[in-house]
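Asker: So that we are looking at the same thing, I have put the structure below in structure tokens.
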Amino acid sequence: MSNERTVSFTQMKDGTKEDYALLHELEKPYLGLTADRILDELRRQGEVSLQGYKITRLDHALQSATRARRDGADIDWIVGALLHDIGDGLAPQNHDRFSAEVIRPFVRWDVAWVVEHHGIFQMLYYGRHYGWDENARDRFKDHPCFDNCAAFCERWDQSSFDPEYQQDPLESFEPLVREVFARKAYSADVVQEGTVTSLTSPA
Numbered sequence: 001m002s003n004e005r006t007v008s009f010t011q012m013k014d015g016t017k018e019d020y021a022l023l024h025e026l027e028k029p030y031l032g033l034t035a036d037r038i039l040d041e042l043r044r045q046g047e048v049s050l051q052g053y054k055i056t057r058l059d060h061a062l063q064s065a066t067r068a069r070r071d072g073a074d075i076d077w078i079v080g081a082l083l084h085d086i087g088d089g090l091a092p093q094n095h096d097r098f099s100a101e102v103i104r105p106f107v108r109w110d111v112a113w114v115v116e117h118h119g120i121f122q123m124l125y126y127g128r129h130y131g132w133d134e135n136a137r138d139r140f141k142d143h144p145c146f147d148n149c150a151a152f153c154e155r156w157d158q159s160s161f162d163p164e165y166q167q168d169p170l171e172s173f174e175p176l177v178r179e180v181f182a183r184k185a186y187s188a189d190v191v192q193e194g195t196v197t198s199l200t201s202p203a
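Given below as structure tokens:
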């Protein structure tokens with residue numbers, strides 16, 4: 001018989017205070033490994049990827065994040081750029097929203113908003129080829145994050161499919177990912193609801 005501690009219930013509504021205290025205790029190590037799972041998924045995107053592109057999804061992530069870093073972006077924007085397509089594997093048809101939910105508890109509000117909406121903003125570049133509205137993003141033209149999302153797509157996303165680009169290695173971004181996912185989830189000091197920050201440093 002297993003020596004693992006388990007709850008007493010088979011229906012959540014029957015759980016006791018002690019059951020939920022146990023779950024809270026046992027959840028902590030799992031939560032602490034979130035960054036490892038994120039990095040593992042990025043590595044997987046270097047092996048299993050969407051077909052037809054000149055580079056893998058990992059390469060695309062690294063190029064986007066490298067461009068952000070070289071533009072002088074801060075850690076939230078760099079990690080946002082690195083993980084903006086992290087949802088491709090499990091949710092290719094709504095990967096933008098999936099990716100945003102992965103990072104939302106740990107980054108500023110404006111970074112999560114941009115990642116959540118980058119898919120519709122990217123349609124500017126290709127929507128017409130499918131008969132879609134390439135200007136669908138205009139529905140957000142009065143949103144305070146509109147300009148940042150447009151710049152994110154132009155500077156870091158749509159331009160990062162180049163097999164000749166000298167991107168930084170994943171290892172160079174690992175400390176940033178670990179720092180971000182070590183933050184307290186949904187901390188007001190981190191999320192900074194309503195604050196809109198510059199993508200790049202003034203320099």
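Using the UniProt record's numbering, the letters of the sequence shown correspond one by one to residues 1 to 203.
Beta carbons are placed, not taken as given, at the ideal position from N, Cα and C, and that holds for glycine.
Being a predicted model, the structure only gives us computed values, none of them experimental.
1) Less than 7 Å between C-beta atoms, sequence neighbours within five positions excluded: which residues of the same chain meet that for Tyr20?
2) By how many angstroms is the C-alpha of Leu23 removed from the C-alpha of Phe152?
3) Beta-carbon separation of Leu82 and Phe173 under 9 Å?
4) Does DSSP put Ala73 in a helix, a strand or coil?
5) Alpha helix (DSSP H) containing Ile103: first to last residue?
6) Decide if Ser187 is buried, meaning its Cβ has at least 16 other Cβ atoms within 10 Å, or exposed.
7) Could you check the C-alpha separation between Arg128 and Arg108 for me, to the nearest Å?
8) Kindly indicate the opening and closing residues of the alpha helix (DSSP H) around His24.
9) How many angstroms separate the CA atom of His60 from the CA atom of Lys141?
10) Could you give the distance in angstroms between the alpha-carbon of Phe78 and the alpha-carbon of Gln51?
11) With DSSP run on the structure shown, which of helix, strand or coil describes Leu62?
12) Which of the three DSSP states, helix, strand or coil, is assigned to Ile55?
13) In the stretch 144-197, which residue ranges form an unbroken alpha helix (DSSP H) of at least 4 residues, counting only runs that do not cross its ends?
14) Arg137 and Cys149: beta carbons closer than 9 Å?
15) Tell me which residue opens and which closes the alpha helix (DSSP H) that Gly119 is part of.
Answerer: Concretely, from the data shown:
1) Counting only residues of its own chain and dropping the five nearest sequence neighbours on each side, Tyr20 has no CB closer than 7 Å to any other CB.
2) Their Cα atoms are separated by approximately 39 Å.
3) Contact: yes.
4) Ala73: coil per DSSP, three-state reduction.
5) Element bounds for Ile103: 95-103.
6) Looking at its Cβ environment, which holds fewer than 16 other Cβ atoms inside 10 Å, Ser187 is exposed.
7) Put simply, the backbone Cα of Arg128 is about 32 Å away from that of Arg108.
8) 17-32 is the extent of the alpha helix (DSSP H) around His24.
9) If you draw a straight line from the Cα of His60 to the Cα of Lys141, it is about 27 Å long.
10) Phe is not the amino acid found at residue 78; the sequence shown has Ile there. One Cα belongs to Ile78, the other to Gln51, and the distance between them is close to 25 Å.
11) Here Leu62 sits in helix by DSSP.
12) Look at Ile55 here: in three-state DSSP terms it is coil, with no helix or strand label.
13) Secondary structure in the stretch 144-197: the alpha helix (DSSP H) runs of 4 residues or longer, each lying completely within the stretch, are 146-151, 174-181, 188-191 in chain order.
14) Yes, they are a contact pair.
15) Taken as a continuous stretch (DSSP letters only), the alpha helix (DSSP H) holding Gly119 covers 109-126.
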